[in-house]
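Asks: Residue numbers (the numbering used here): 12 to 347.
Think of the CB as a built atom: it goes at the ideal place given N, C-alpha and C, for glycine as much as any other residue.
In this text the structure is predicted, and so the values were computed from the model without any measurement.
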């Protein structure tokens, strides 16, 4: 059976990771479904290692690559420090101007977050029709400050910052601008949606730092491909818990709702970098929520962690049903 574009089915990925990885006493967090980054014991501190490619967006691919990898260092409670980039460029379509623009984007993002570009690889690759950038980020965290996706506990509150589909909005606006005009969206709306890359932004580094400073955080996770729904399922898988979500509490930004409706996308399964899932005990969740809001970041309590036997569910009105899975991001339909 041929696989469709998008993340591997969770059961397949779990089997592969179980079959083909080996334990190492210095690996504090290794390869596992739902875990954002590896954590390696370096003695007085932990090294955090993350790798993530950018395959959808092309016009700001360098900025995307730095930020989405930095996000997953921050969800560990750590500080992103060093970035490596493997840049694959399309044959017959690559100019020096294109290459330099991507490097300038990488530098822009690195400077914004105090990160250093320290290496990687760049080539023009046969068979590509667009640039692909695989980023590799390293960071550090003190052992006592480490946060993992698996740390979620029954009774914890699930918080969400900003709102969902931020990344989906800016990808659609940047890659389908002319089509949006034909659909009746004006230039003001399109420009605002394109700016979602920076405002409210796809970075959750600040969100994560505020959360860790405001109270005890049991887990954090960065919704990316497969959207909020996939991220919630990954938290449940990593922590061996259930999750109960309330649909009316999920913040969906107006631009996201309009664009998802226009293209027939489910916001719950649309790529969502820019939002941060924070899992905290009830006594700390309120303080974390207030700290985010004091910093100008919207933060809503969208559900709570329940026993594994209760499953992962979504309440809508008087009904509660299983939260759908989106191993193939909704936005993929626009590019295949």
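#1: Any idea what DSSP makes of residue 191, helix, strand or coil?
#2: Please report the distance separating the alpha-carbon of residue 295 from that of residue 106.
#3: Measure how close the beta-carbons of residue 168 and residue 291 come, nearest whole angstrom, since I'm counting them as under 8 angstroms.
#4: Among 89, 66, 117, which one has its Cα closest to the Cα of residue 101?
#5: Throw me the rounded Cβ distance for the residue 203 and residue 266 pair, which I believe falls under 8 angstroms.
#6: Counting pairs of Cβ atoms below 8 angstroms between the region 45–62 and the region 171–184, do you hit three or more?
#7: How many whole angstroms separate the CB atoms of residue 48 and residue 28, which I take to be in contact at a CB cut-off of 8 angstroms?
#8: For the region 182–190 and the region 242–254, state whether three or more C-beta atom pairs, one from each stretch, are separated by less than 8 angstroms.
#9: Please list the terminal residues of the continuous beta strand (DSSP E) segment that includes residue 103.
#10: Residues in the same chain with beta-carbon distance under 8 angstroms from residue 126, minus the five sequence neighbours each way, listed in chain order, please.
#11: In whole angstroms, what is the alpha-carbon distance linking residue 283 and residue 177?
#12: How about residue 301: is its Cβ closer than 7 angstroms to a heavy atom in the ligand NAD?
#13: Any idea if residue 14 is buried or exposed, counting beta-carbon neighbours within 10 angstroms, 16 or more meaning buried?
#14: From what residue to what residue does the alpha helix (DSSP H) around residue 30 run?
#15: Below 6 angstroms CB to CB, which residues in the same chain sit around residue 133 once its five sequence neighbours on both sides are set aside?
#16: Measure from the alpha carbon of residue 270 to the alpha carbon of each residue in 179, 228, 327, then state which is nearest.
#17: Does DSSP put residue 81 in a helix, a strand or coil?
#18: Which term fits residue 108, buried or exposed, when burial requires 16 or more other beta carbons within 10 angstroms of its beta carbon?
#19: Bridge partners for residue 138 per DSSP, in chain order?
#20: The beta strand (DSSP E) that contains residue 52, what's its start and end?
#21: Can you name, in chain order, every residue of its own chain whose Cβ lies under 7 angstroms from the Cβ of residue 258, other than the five neighbours on each side?
#22: Could you please give the first and the last residue of the uninterrupted beta strand (DSSP E) stretch that includes residue 236?
#23: Under a three-way DSSP split, which group does residue 12 fall into?
#24: Within a Cβ cutoff of 8 angstroms, which residues of the same chain sit near residue 183, ignoring the five residues on either side of it in sequence?
#25: How would you label residue 31, buried or exposed, when you count the other beta carbons within 10 angstroms and need 16 or more for buried?
#26: Looking only at its chain, what residues have a beta carbon closer than 6 angstroms to the beta carbon of residue 214, apart from the 5 residues adjacent to it on each side?
#27: Could you tell me the distance, in whole angstroms, from the CA atom of residue 38 to the CA atom of residue 70?
#28: Whole angstroms are fine: how far does the CA of residue 104 sit from the CA of residue 140?
#29: If you draw a straight line from the C-alpha of residue 152 to the C-alpha of residue 195, how long is it?
Replies: Taking the geometry as given:
#1: helix
#2: 52 angstroms
#3: 6 angstroms
#4: 66
#5: 7 angstroms
#6: no
#7: Going by Cβ atoms, the distance from residue 48 to residue 28 rounds to 14 angstroms, so no, they are not a contact pair.
#8: no
#9: Where residue 103 is concerned, there is no enclosing beta strand (DSSP E), given that its DSSP letter is neither H nor E.
#10: 77, 81, 91, 92, 93, 94, 120, 148
#11: 6 angstroms
#12: Looking at this structure, you won't find the ligand NAD or any other ligand, since it has none at all.
#13: exposed
#14: 21–31
#15: 98
#16: 179
#17: helix
#18: exposed
#19: Looking at the DSSP assignment, residue 138 forms no beta bridge with any residue, so it has no partner.
#20: 49–52
#21: 325, 326, 327
#22: Premise fails: residue 236 is in no beta strand (DSSP E) and is neither H nor E.
#23: coil
#24: 191, 204, 270, 274, 342, 345
#25: exposed
#26: 78
#27: 36 angstroms
#28: 8 angstroms
#29: 48 angstroms
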